[in-house]
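Q: A single structure is presented below for examination.
In this note's numbering, the protein residues as written are 5 to 108.
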């Protein structure tokens, strides 16, 4: 019998998958670690499989990706502006890659 577990956070998904034989979970690329095995997925009915990696995501070869968005209250734009300027910087792009996320 199969079952589905809904987990409250990425850490819980990784812990559950790492401790449960045959378990499958979905987490962001930045959260992969040696306790769980990433698997290749196919986007063309099994003719071609792609492993999740920073490079395969950047090249748009890996089919399971989603963007992350920042939202803020326009009334607070002056307070948010320094953060927005930082996240657009080369330093932020480098840190983003270092953490396993894909900058746009």
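C-beta: ideal position from N, C-alpha, C; glycine also.
For the alpha helix (DSSP H) containing residue 84, name the first residue and the last one.
A: One-based indexing of the chain shown puts residue 84 at position 80. Segment 81 to 91, the alpha helix (DSSP H) holding residue 84.
Q: Can you have a look at residue 17 and say buried or exposed, based on whether 16 or more other CB atoms are within 10 angstroms of its CB?
A: Numbered from 1 along the chain shown, position 13 holds the residue referred to as residue 17. Answer is buried; the Cβ neighbour count reaches 16.
Q: Measure the C-alpha to C-alpha separation of residue 68 and residue 61 and round it to an integer number of angstroms.
A: Along the chain shown, read from residue 1 onward, the residue named residue 68 stands at position 64. Along the chain shown, read from residue 1 onward, the residue named residue 61 stands at position 57. Roughly 9 Å separates the two Cα atoms.
Q: Quick check on the DSSP output: the alpha helix (DSSP H) that includes residue 102 runs from which residue to which?
A: Locating residue 102 in the chain shown gives position 98, counting from the first residue. First-last of the alpha helix (DSSP H) with residue 102: 94 to 102.
Q: Following the continuous alpha helix (DSSP H) through residue 57, name the residue where it begins and the one where it ends.
A: In the chain shown, counting from the first residue as 1, residue 57 sits at position 53. No alpha helix (DSSP H) contains residue 57, which DSSP labels as neither H nor E.
Q: The alpha helix (DSSP H) spanning residue 21 covers which residue range?
A: Along the chain shown, read from residue 1 onward, the residue named residue 21 stands at position 17. Note, residue 21: alpha helix (DSSP H), 14 to 23.
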